[in-house]
Every structure is written in structure tokens, then in C-alpha cells.
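Chemist: I have a structure I would like to understand better, so I am pasting it below and will then ask my questions one at a time.
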Amino acid sequence: MSMSRHAAPQVHTSFVGPHLAIIMDGNGRWATANGLSRPAGHEAGLRTARDIVEAAVREGVGTLTLYAFSADNWKRPSPEVTALMRLFRRALIGEAKRCLENGVRLTILGRRDRLPSSLRHTVEQVESLTSTGTRMHLRVAVDYSARDAVIRAAAAMRGNGVSREAFSELLARVDHDAMPAREVDLVIRTGGEQRLSDFLLWECAYAELCFTPCLWPDFGAPELNDALADYHGRERRYGGVGLA
Ligand code: IPE
Ligand code: IPE
Ligand code: MG
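Add 248 to the 1-based position in the sequence shown for the working numbering, that's all there is to it.
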């Protein structure tokens, strides 16, 4: 999809373009293969994330959701968790200005009550600073669990039946997102595993899936373009019949 079709941000056409969700997996194995520590692998992963955000904007992606830290990742050794929390804060501070300049709205998806308070504070500042962005919505999932979000949204229904749209709004609200969760169009998982690991289970009902053995620090704009080209060639039937 060329940028020209989605270039100028307009009042009623924010975040045009597909919703791409990426499970950024393989930092640890990349570090081990290169004789580095796992935190060094996450540093390399951050560099990739930066490049992929820019490439996604160029390719006309409307919403990009990056899985950065799952609720189950708290099980990891505490030095790795601490390094990741520091990295997230540094990344948010470092990327905020670039997001603003590129028309990217940055929000964090997930629970916030278990994050270090300094990180929570930075999240709020960056979300407010970039809230005028209309070109691409970048959502970074931190302390995220799709199953927990569904349980919390179901509890918020308080016994009332709701439509799918209304449930999507509840899901967004329980995870602090600024707007209703959009259905995911394409999921890319790097690192070779073929599973969702509790990521966007509701929003991925009809998502196209792309699994690549490429470790996240080795993933780049050419690999992203290949995945998007493959996605654009797929026929999405949503339970209906095909075109042929
Ligand atoms: C993904 O890379 C990043 C996070 C989960 C924070 P991993 O750290 O899971 O890398 P592998 O799977 O051990 O290689
Ligand atoms: C999923 O990767 C979470 C992120 C990429 C942030 P994991 O490495 O935690 O997933 P599993 O343990 O292989 O399922
Ligand atoms: Mg992993």
C-alpha cells in the first residue's frame, strides 16, 4: 500500500490502513547466538522496533500494536524484568518527539498498576504529548494479557448483554486504550514459534497470521514489506464464499 493514499492526515480519516500486530519474539535467542546478555538482545530489539515503526508509517499501516511485555513475562528473572522496565521508559522518552513529528499517536495497552511509578508517569506524559497524531496509532502492549482483559471487560458488563462493538469498547477501556480496539488484520510473530501467547485474542478473530523464523533483532523493513505484500494478496472471506 503506497503512502500517497494515506499521506495527509484529515479530520475524519485518522488511522486509515490495516491494523498490524507484531509479537516481537526472539531477542533472547539472538543475544545468545551473538554471545551477548539477554538485556543486550532487548536493546537490539528496541532498535528494530524503531525501524519498523518508521517503515509501518511509510507503508500506510493505520494501527500498529507491538507486544513488548506479557503479563506472564513477570515470571522472568528479576534483573531481566528490571532491565526491560528501564528500557521501556528510555524508549518512550526517546521516541516521543519522533512520534509527534511523524503524526504517530502512541498509547500503552495493558494493566498499569504493576508498572514502576516512574514508567507510569512517563507513559501518561507521552500519551498526552502524542494525542494529536492522526497518521498512525502505535499501541505498545506492556503487562498485557488478552485473557485478563476479556475477564475484566466481561465484569464491566455487570450482567448486561452487549454488542461486539460495545464489548470492544469495554476491552479498550479496561486496558486504558484511548479508543475501541480495532480488529487485527495481520499478526506477524518473529522468532519461529507459532502461537499467540495471550495476545489480542478477541481482536484476532479473523486476523491473517504470519509466522517467521527471523529473530526480532534481525527483522527489518524488507521483511515487513514481504509480510505486507503477502497479506495484501490474501482473500479474506469472514465465513462467506470466495470470489472465484
Ligand atoms: C521477546 O523476546 C521480548 C520479550 C518477551 C520481552 P524473548 O526475550 O522472548 O526472546 P526469546 O524467545 O527468549 O529468544
Ligand atoms: C510473547 O513472547 C511476549 C512478547 C513477545 C512480548 P514470549 O517469549 O513471552 O512467549 P512464549 O513464552 O514463547 O509463549
Ligand atoms: Mg520469547
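C-beta atoms are modelled at their ideal positions from N, C-alpha and C, and glycine is treated no differently.
Are there any heavy atoms of ligand 1 lying less than 7 angstroms away from the beta-carbon of M333, as far as the coordinates show?
Modeler: Not so, every heavy atom of ligand 1 lies at least 7 angstroms from the Cβ.
Chemist: When you compare each of G351, T370 and R353 to R360 by their alpha carbons, which one comes out closest?
Modeler: Closest option to R360, Cα to Cα, is T370.
Chemist: Please report the straight-line C-alpha distance between R338 and E372, rounded to a whole angstrom.
Modeler: Distance between the alpha carbons of R338 and E372 is about 14 angstroms.
Chemist: Evaluate D425 with the Cβ neighbour count: other Cβ atoms within 10 Å of its Cβ, from every protein chain shown; 16 or more gives buried, anything less gives exposed.
Modeler: Classification for D425: buried.
Chemist: Where in the segment 430-456 do unbroken runs of the beta strand (DSSP E), each at least 3 residues long, occur, reported from the N-terminal end onward?
Modeler: Segments of the beta strand (DSSP E) lying fully in the segment 430-456: 434-437.
Chemist: On the DSSP letters alone, give me the boundaries of the alpha helix (DSSP H) that M333 sits inside.
Modeler: Element bounds for M333: S326 to E349.
Chemist: Taking DSSP as the reference, what is the three-state secondary structure of T313?
Modeler: Strand.
Chemist: Of the residues P266, R334 and G293, which one's Cα is nearest the Cα of M272?
Modeler: Taking only the C-alpha atoms, the option nearest M272 is G293.
Chemist: Put F467 into one of helix, strand or coil per three-state DSSP.
Modeler: The answer is coil: DSSP assigns F467 none of H, G, I, E or B.
Chemist: Using the C-alpha atoms, what's the distance from L449 back to G283?
Modeler: So the alpha carbons of these two residues sit roughly 35 angstroms apart.
Chemist: Quick one: is G293 near chain C, going by C-beta distance under 8 angstroms?
Modeler: Any reference to chain C falls outside this structure, which holds one protein chain only.
Chemist: With DSSP collapsed to three states, give me the class of F459.
Modeler: Of the three classes helix, strand and coil, the one that applies to F459 here is strand, per DSSP.
Chemist: Mapping the DSSP letters down to three states, classify A389 as helix, strand or coil.
Modeler: Strand.
Chemist: Under the criterion of a Cβ to heavy atom distance below 7 angstroms, does M272 qualify as lining ligand 2?
Modeler: At least one heavy atom of ligand 2 is nearer than 7 angstroms to the Cβ of M272, so yes.
Chemist: Taking all protein chains shown into account, do 16 or more other C-beta atoms lie within 10 angstroms of the C-beta of Y454, making it buried, or fewer, making it exposed?
Modeler: Label assigned to Y454: exposed.
Chemist: Taking the straight line between their C-alpha atoms, what separation do you get for M405 and G274?
Modeler: Approximately 37 angstroms between the Cα atoms of the pair.
Chemist: What number of angstroms, rounded off, separates the C-alpha of L312 from the C-alpha of V305?
Modeler: Taking the straight line from one Cα to the other gives about 9 angstroms.
Chemist: Just checking G439 against ligand 3 - is the residue's beta carbon closer than 7 angstroms to any of the ligand's heavy atoms?
Modeler: Result yes, Cβ under 7 angstroms from ligand 3.
Chemist: Is any heavy atom of ligand 1 found at a distance shorter than 7 angstroms from the C-beta of R362?
Modeler: Checking the Cβ of R362 against ligand 1 gives no.
Chemist: Check each candidate in W278, I399, R298 and G310 and name the one with the smallest Cα separation from V531.
Modeler: In the structure as shown, the chain begins at 249 and stops at 492. Residue 531 is therefore absent and cannot be evaluated.
Chemist: Measuring alpha carbon to alpha carbon, tell me which of Y486, L444, T378 and F459 ends up nearest N350.
Modeler: The residue with the shortest Cα to Cα distance from N350 is T378.
Chemist: Tell me whether L506 sits in a helix, a strand or coil according to DSSP, three-state version.
Modeler: Residue 506 lies beyond the residue range present for the chain, which begins at 249 and ends at 492; the question has no answer from this structure.
Chemist: Hey, is S445 close to ligand 2, as in C-beta under 7 angstroms from one of its heavy atoms?
Modeler: Yes; taking the cut-off as 7 angstroms, the Cβ of S445 has a heavy atom of ligand 2 nearer than that.
Chemist: Taking Cβ positions, are Y479 and E451 nearer each other than 8 angstroms?
Modeler: No, Cβ-Cβ distance for Y479 and E451 is not below 8 angstroms.
Chemist: Quick one, which of A394, V352, D391 and P428 has its alpha-carbon nearest A303's?
Modeler: Cα-wise, what sits closest to A303 is V352.
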